[in-house]
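Asker: In my numbering, the protein residues as written are 1 to 155.
C-beta atoms are modelled at their ideal positions from N, C-alpha and C, and glycine is treated no differently.
Nothing here was measured: the structure is a model prediction, and the numbers come from that model.
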Ligand SMILES: CC(C)(COP(=O)(O)OP(=O)(O)OC[C@H]1O[C@@H](n2cnc3c(N)ncnc32)[C@H](O)[C@@H]1OP(=O)(O)O)[C@@H](O)C(=O)NCCC(=O)NCCS
């Protein structure tokens, strides 16, 4: 598939593939550029990601354009639902349909595993992401509050 750069009009092949550990540094730098809140000393550390992708519950995909990682999505399966995490598209590639394509791909992977509910958590200060998920058919359940208990703040 090709992806248009809306800024300079160029179009290049974008390959969607499984994440490899060799992508780790590029992925962290992409998440920083996208201002995605992530946990480099907790669940997003090199060691934790390496362990996670070895297990049965993670599907970690990247979009690669000319050797550069321009998109990520991490699907996690809790046995009941497929969760979408760490969705990020390179700023100069946003609004070109790549985010939607990555979500569709992770949904297809979830469906193949028999899952029927796909979900994500979006922070209050991210209206763009809320708009995006609404646009692709997700509904905001305003009756739910997210509670968590952490062994330490960086987890
Ligand atoms: C949210 C994000 C993943 C969307 O990816 P994308 O590739 O830009 O999304 P798409 O191009 O597939 O967008 C599809 C539609 O969603 C809506 N949409 C996407 N981003 C939007 C925004 N910032 N504001 C309003 N609507 C938006 C639009 O209707 C868009 O269609 P259009 O461009 O034809 O108007 C991307 O903006 C991003 O990486 N943001 C920074 C990281 C982040 O917030 N991740 C999500 C954490 S929960």
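1) Could you check what DSSP says for residue 95 in three-state terms: helix, strand or coil?
2) So, using beta-carbon positions, are residue 88 and residue 16 closer together than 9 angstroms?
3) Taking just the CA atoms, how far does residue 74 sit from residue 47?
4) Mind checking whether residue 80 and residue 115 have CB atoms under 9 angstroms apart?
5) Taking the runs of the alpha helix (DSSP H) that are 4 residues or longer, which of them lie wholly in the region 46-133?
6) Using C-beta distances below 6 angstroms, list every residue in its chain close to residue 140, excluding the 5 sequence neighbours before and after it, in chain order.
Answerer: In short:
1) coil
2) no
3) 16 angstroms
4) yes
5) 46-54, 98-112
6) none
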